[in-house]
Amino acid sequence: MSNWNLQAAICCYLDYSLPPKLPSMSLKMAQNQESALAPGSCFEQSWSIANTGAEAWPGSCRLIQAGGEHLGATTTYVPPLPPGHSTNVTMKLTAPSVPGTHRGYFHLVTDKGDQVGDTLWVEITVESEMTLALAEQLAALPVPSSRLDEGVTQMPTQDDQMC
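Shown next, in the form of structure tokens:
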């Protein structure tokens, strides 16, 4: 009974009682897609993320949708990443069928579901089919040349002058 190691017992206790050390992650850059999407259209969202911790990420880390509007996200596994390195992660998403501004939130999680680092998000605007068609028609219209560019000054006509 007197032949036990106090230091080993304390270390063993701390190993079992302390939560495991989680990897670290921070967002470096988000690459946004088109400003307006058609209802139900597919699009991709990319993020540049970095391992800001002192240990490599395990191969079981994955990116999941954690909240916001349902965007049809599927789990995307992230490769193991050494400390100080960064990688790009791209998810294929689907725009909602309802016009308006929509936002989805994403987390990098471990195999046990623990969140790692920053919350990633995407914000999209879904336009109705008619609005998108009108915008395309307006963009196709020729732009009239300005007489001001030709060095001709325009004087207001009699109707344009204030009384």
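Under UniProt numbering, the first residue of the sequence shown is numbered 1, with each subsequent residue one higher.
We treat Cβ as the ideally placed atom computed from N, Cα and C, and that holds for glycine.
Query	Result
Alpha carbon to alpha carbon, how far is Ala-95 from Ile-124?	8 Å
Can you determine whether any heavy atom of the ligand ADP sits closer than 7 Å to the C-beta of Leu-37, and answer yes or no?	This structure does not include the ligand ADP; it has no bound ligands of any sort.
Below 8 Å, can you find three or more Cβ-Cβ pairs linking the stretch 4-14 to the stretch 39-56?	no
Tell me the DSSP bridge mates of Cys-42?	Thr-94
Considering only residues of the same chain and omitting the five flanking positions on each side of Val-116, which have a CB-CB separation below 6 Å?	Leu-22, Pro-23, Met-25 and Leu-108
For Trp-4, count neighbouring Cβ atoms within 10 angstroms of its own Cβ and tell me buried if that reaches 16, exposed if not.	exposed
Which of the three DSSP states, helix, strand or coil, is assigned to Leu-120?	strand
Give the range of the beta strand (DSSP E) segment to which Lys-28 is assigned.	26-31
Taking only three categories from DSSP, how would you classify Cys-163?	Reliability fails at Cys-163, whose pLDDT of 49 lies under 50, so the model's placement of it is uncertain and no value is given.
Under a three-way DSSP split, which group does Ala-73 fall into?	coil
Helix or strand or just coil, what does DSSP make of Leu-63?	strand
Who does Gly-104 pair with in a DSSP beta bridge?	Gly-68 and Val-122
Evaluate Glu-55 with the Cβ neighbour count: other Cβ atoms within 10 Å of its Cβ, from every protein chain shown; 16 or more gives buried, anything less gives exposed.	exposed
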